[in-house]
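Below you can see the structure in the form of structure tokens.
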């Protein structure tokens, strides 16, 4: 049988993010609900009631209030924008795009809807449109670290590696805005970008920085394992996959790739055990692509398919 390679991993947007064939895990998309609040009047109309509902996390009620505000002409531009922000948070992406477009039609000078629409477009896989919206937002808010990071993610998805690297470094220039875990995600992604450019030593240095900032995130260990595997440093690859699994025992990709590494070392029994675990984890998580990859590998080393569970 031909030697299997690391597999691409689905990112949060649901689109395959294969970095030159390496099964690496991209950082998460950072977002929050940026509700626009106006000065509190003596009488609280639907807009202010929507702000209050959103503040306490009751997004369904907030959406209803902002809809009433639009109908009553109570700050309709801001109401559309806040509906958009909530729709992004609730992953109602098409609604988010529509609401932000309505907001921008009323207030094209207000930058926040560009940011939220960009987030929705990114998650819909419309990366070029997302980049355009993030760029509009950054023209008004050039020091926003998260916006730079998100535009970098979209550029990464487009294969525009140099552009993504520039945006990630722009985000790190404003790192005081970011929690340590967010900075770790940036370093993690920088590692992937440099690996995509065939710079494994630089990539490993960035992944080491990610671990120094957040040693509990399995992604950097998993990505280091894939880099080590492709350099045929199999013992180091196993160690990193094991660290990823210690932090996330249901990490299907770590089982899958540890099995690939064990197979490369001639440990067929260990590879089979790992691919069975991977298939189980993927099935439990509803990840059909990963499940079929694990089953395909099992069929290559066994005469009959292995049924998991």
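Numbering (this note's numbering), first residue to last: 1 to 309.
Even glycine gets a Cβ: it sits at the ideal position worked out from N, Cα and C.
What's the gap between the Cα of residue i and the Cα of residue j?
i, j, result
"residue 188", "residue 206", "6 angstroms"
"residue 245", "residue 219", "10 angstroms"
"residue 114", "residue 47", "20 angstroms"
"residue 77", "residue 104", "7 angstroms"
"residue 108", "residue 67", "20 angstroms"
"residue 141", "residue 111", "8 angstroms"
"residue 296", "residue 249", "22 angstroms"
"residue 2", "residue 155", "Below a pLDDT of 50, predicted positions are generally treated as unreliable, and residue 2, at 31, falls in that range; the measurement from the model is reported next regardless. Those two C-alpha atoms are separated by around 34 angstroms."
"residue 252", "residue 214", "21 angstroms"
"residue 176", "residue 94", "33 angstroms"
"residue 271", "residue 258", "7 angstroms"
"residue 242", "residue 224", "11 angstroms"
"residue 174", "residue 185", "14 angstroms"
"residue 237", "residue 273", "17 angstroms"
"residue 190", "residue 203", "7 angstroms"
Give a yes or no on whether the C-beta atoms belonging to residue i and residue j are separated by under 9 angstroms.
i, j, result
"residue 222", "residue 196", "no"
"residue 79", "residue 70", "yes"
"residue 229", "residue 200", "no"
"residue 131", "residue 151", "yes"
"residue 149", "residue 182", "yes"
"residue 121", "residue 133", "yes"
"residue 256", "residue 290", "yes"
Can you tell me whether DSSP reads residue i as helix, strand or coil?
i, result
"residue 48", "helix"
"residue 223", "helix"
"residue 113", "helix"
"residue 251", "coil"
"residue 99", "helix"
"residue 160", "coil"
"residue 289", "helix"
Classify residue i as buried or exposed, calling it buried when 16 or more other Cβ atoms lie within 10 Å of its own Cβ.
i, result
"residue 169", "exposed"
"residue 261", "buried"
"residue 284", "exposed"
"residue 292", "exposed"
"residue 81", "buried"
With a cut-off of 8 angstroms on the beta carbons, I'd call residue i and residue j a contact; round off their distance for me.
i, j, result
"residue 84", "residue 117", "7 angstroms"
"residue 234", "residue 265", "5 angstroms"
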